[in-house]
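Novice:
Numbering (full-length UniProt numbering), first residue to last: 1 to 228.
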């Protein structure tokens, strides 16, 4: 059925995409007209949502756009500029005008909040009630864990944006030379990247631990059935 794929994409996933794109654009363009920027991102996401023929096209389009943001560098002065305007024409994919690039490599951020994992499918007709209950508990724990991880990632990005904004304000007030501004901001952004990578690894370890725990529980139940 046409459009049924939209039921497979949760509101939490859409919000996570929007928040991640806003985070990247604020990193590139500063805090100027933050609300207008968020509105532009939401308008862009809705355009992709309405034009995509299936879930794969929707996720792929947004993933590519987000990746392009992460590969770009903030302006040299790292001062607020006019917000980016995202548009989507009738016969073309939504586009965004790239900002001027610098020679500082910032790497890529955590994609986990954006890439939605598919639940494990088990044949209901052949599932033991005890196994079904155990698997349901695992799914609930997994959803709650991802929700908490997304919240932690968002709080981390917000705190980092505030630090960068405070540094920009201090540079302006102190009339810091442009070369020093660029160097100090680059050093701060690198520190932030290390912090984000550490948080991402912590989240991966948490997910792996939950998966291993669930696997061991299923393995124990499987051994009991075999012994019987």
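Just so it is clear, CB atoms sit at the ideal spot from N, CA and C, and this is done for glycine as well.
If you're wondering where the values come from, they're calculated on a predicted model, not measured in any experiment.
Jot down the residue ranges of each uninterrupted alpha helix (DSSP H) in the UniProt domain "Mediator complex subunit 15 KIX" (2 to 76), minimum 4 residues, whole runs only, in chain order.
Specialist: Complete alpha helix (DSSP H) runs here, min 4: 11 to 29, 34 to 51, 55 to 70.
Novice: Excluding the 5 residues flanking residue 18 on each side, which residues of the same chain have their C-beta closer than 8 angstroms to its C-beta?
Specialist: 38, 41, 42, 45
Novice: Near residue 184, what residues of its chain come up, given a Cβ to Cβ distance below 6 angstroms and the 5 sequence neighbours on each side ignored?
Specialist: Around residue 184: no qualifying Cβ.
Novice: Output the distance between the C-alpha atoms of residue 207 and residue 196, rounded to the nearest integer angstrom.
Specialist: So the alpha carbons of these two residues sit roughly 17 angstroms apart.
Novice: For residue 215, does the count of other Cβ atoms within 10 angstroms reach 16, so buried, or fall short, so exposed?
Specialist: exposed
Novice: In whole angstroms, what is the alpha-carbon distance linking residue 190 and residue 160?
Specialist: 11 angstroms
Novice: Does the separation of the CB atoms of residue 203 and residue 149 fall below 7 angstroms?
Specialist: yes
Novice: What does a CB cutoff of less than 6 angstroms around residue 170 pick up in its chain, not counting 5 residues either side in sequence?
Specialist: none
Novice: For residue 6, I'd like the list of residues in its chain whose CB is within less than 6 angstroms of its CB, leaving aside the five on either flank, ordered along the chain.
Specialist: none
Novice: Pick out whichever of 28, 58, 15, 59 has its Cα sitting closest to the Cα of residue 71.
Specialist: 28
Novice: Is it true that the CB of residue 55 sits closer than 7 angstroms to the CB of residue 8?
Specialist: yes
Novice: Ends of the alpha helix (DSSP H) at residue 148?
Specialist: 129 to 174
Novice: Excluding the five sequence neighbours on either side, which residues of its own chain have a C-beta within less than 8 angstroms of the C-beta of residue 134, listed in chain order?
Specialist: 214, 217, 218, 221
Novice: Whole-angstrom Cβ separation of residue 66 and residue 21, contact assumed at under 8 angstroms?
Specialist: Right, the Cβ-Cβ distance comes to about 6 angstroms (below 8 angstroms), so this counts as a contact.
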